[in-house]
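Peer 1: What follows is a structure written as C-alpha cells; I'll ask about it next.
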Amino acid sequence: DSGVTQTPKHLITATGQRVTLRCSPRSGDLSVYWYQQSLDQGLQFLIQYYNGEERAKGNILERFSAQQFPDLHSELNLSSLELGDSALYFCASSVEPMTELGNTIYFGEGSWLTVV
Amino acid sequence: GDSVTQMEGPVTLSEEAFLTINCTYTATGYPSLFWYVQYPGEGLQLLLKATKADDKGSNKGFEATYRKETTSFHLEKGSVQVSDSAVYFCALSDRGGAQKLVFGQGTRLTINP
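Residue numbers (the numbering used here), protein chains in the order written: chain E, 408 to 523; chain C, 37 to 149.
So, in C-alpha cells, the structure goes:
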C-alpha cells in the first residue's frame with residue numbers, strides 16, 4: 408500500500424459526459440501528479456500540483472482540468488469524453504522539495520475509465 | 037526533452053533464468069533513475085532507484101546500476117520466479133523545476149514454470 412488513495416477504481420461512462428477522479432496523497436506529501444496510461448500512448452504525465460498551485464503541465468488536453476484543494480487532495484476533471492479517453496489514470500504524490508536527492512514519487516492504484 | 041528507452045518486449049523466460057531488461061536514457065541534467073513494476077491488475081510500485089552515477093539500487097533480488105558513461109540503468113535478476121511476471125517501467129526524474137517522472141514504454145515479462 409503506497410498510501411495514495413484514488414477513487415473510483417472503475418468508472419464506465421458515455422461519450423460526451425464529464426467525470427471527476429479523486430486522489431488523496433500520502434500523509435505529508437504536498438505534491439500531487441496525474442498520469443494517464445493507455446495502450447497506445449504508454450504512461451503520460453498530465454499535470455502536477457504543489458501545495459495547491461499548478462507546478463507543471465504535460466500532455467493534458469484542454470478538455471481536462473485539475474485542482475488541488477487546501478486539504479491537499481486533488482481532483483482530475485475530464486469533460487466531453489471521447490472513446491480515446493479510455494485509460495487508467497494514476498495519481499501520485501511526493502514529498503518536497505524534490506531537489507533533495509532520491510525523493511520518490513509514490514503511485515495510487517489508479518482509476519480505470521471506460522468511455523462507451 | 038528527457039526520454040527513456042527500454043528494450044522491447046514481451047520477454048518470456050523460464051523460472052530460475054537470468055533476467056536483463058535494458059534501459060537507456062537521455063537527459064540534459066543529472067536525473068534520478070527508477071524502476072517501477074506493475075503486476076497484473078494493480079498500480080505502479082517502486083521497485084528500486086538510484087540517485088547518482090555508480091549508485092546501485094536493489095530490492096527483492098533485482099538490481100540496477102546507474103551508469104552515467106553509457107546513460108543506462110539496466111535491470112537484472114539472477115533467478116526469476118513466476119511471481120515476477122509483470123510489466124516493468126524504467127523512469128527518470130529531473131531534479132530541476134518540476135520533477136515529474138518520464139517513463140519508458142514498459143517491458144512485459146512472463147515467467148513460465
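Note that the Cβ used here is the ideal one computed from N, Cα and C, for glycine as well.
To which residues does DSSP link Y496 of chain E through a beta bridge?
Peer 2: Y496 of chain E pairs with E:Q443, E:S518.
Peer 1: Leaving out five residues on either side along the sequence, give the residues of the same chain with a beta carbon under 8 Å from the beta carbon of S108 of chain C.
Peer 2: N58, C59, T60, Y61
Peer 1: Mind checking the segment 461 to 472 of chain E against chain C and listing, in chain order, the residues whose C-beta falls within less than 8 Å of any C-beta there?
Peer 2: R462, A463, G465
Peer 1: Check whether the Cβ of G459 of chain E lies closer than 9 Å to any Cβ atom in chain C.
Peer 2: no
Peer 1: Pop quiz: T190 of chain C and S68 of chain C are said to be a contact at Cβ under 8 Å. What is the actual Cβ separation, rounded to whole angstroms?
Peer 2: Here chain C comprises residues numbered 37 to 149, so residue 190 of chain C is not present and cannot be evaluated.
Peer 1: In three-state DSSP terms, what is S119 of chain C?
Peer 2: In the structure shown, S119 of chain C sits in a helix (DSSP, three-state: H, G or I).
Peer 1: Under 8 Å, with one C-beta from each stretch per pair, do the segment 425 to 436 of chain E and the segment 113 to 131 of chain C reach the 3-pair mark?
Peer 2: Flag = no, the segment 425 to 436 of chain E and the segment 113 to 131 of chain C do not touch.
Peer 1: When burial is assigned at 16 or more other CB atoms within 10 Å of the CB, is Y75 of chain C buried or exposed?
Peer 2: It counts as exposed.
Peer 1: Could you tell me which of C:K96, C:G142, C:L137 sits nearest to E112 of chain C, measuring between CA atoms?
Peer 2: C:K96
Peer 1: Here's the rule: buried if 16 or more other CB atoms are within 10 angstroms of the residue's CB, otherwise exposed. What is G93 of chain C?
Peer 2: buried
Peer 1: List the residues that DSSP assigns as beta-bridge partners of K113 of chain C.
Peer 2: C:L55, C:F98
Peer 1: Any C-beta of chain C sitting closer than 9 Å to the C-beta of I512 of chain E?
Peer 2: yes
Peer 1: Kindly say whether A499 of chain E, judged by its beta-carbon, lies nearer than 9 Å to any beta-carbon of chain C.
Peer 2: Judged by the 9 Å Cβ criterion, A499 of chain E is in contact with chain C.
Peer 1: Any idea what DSSP makes of L490 of chain E, helix, strand or coil?
Peer 2: helix
Peer 1: Candidates C:D130, C:D38, C:V123: which alpha carbon is nearest I512 of chain E's?
Peer 2: Measuring from the Cα of I512 of chain E, the nearest candidate turns out to be C:D130.
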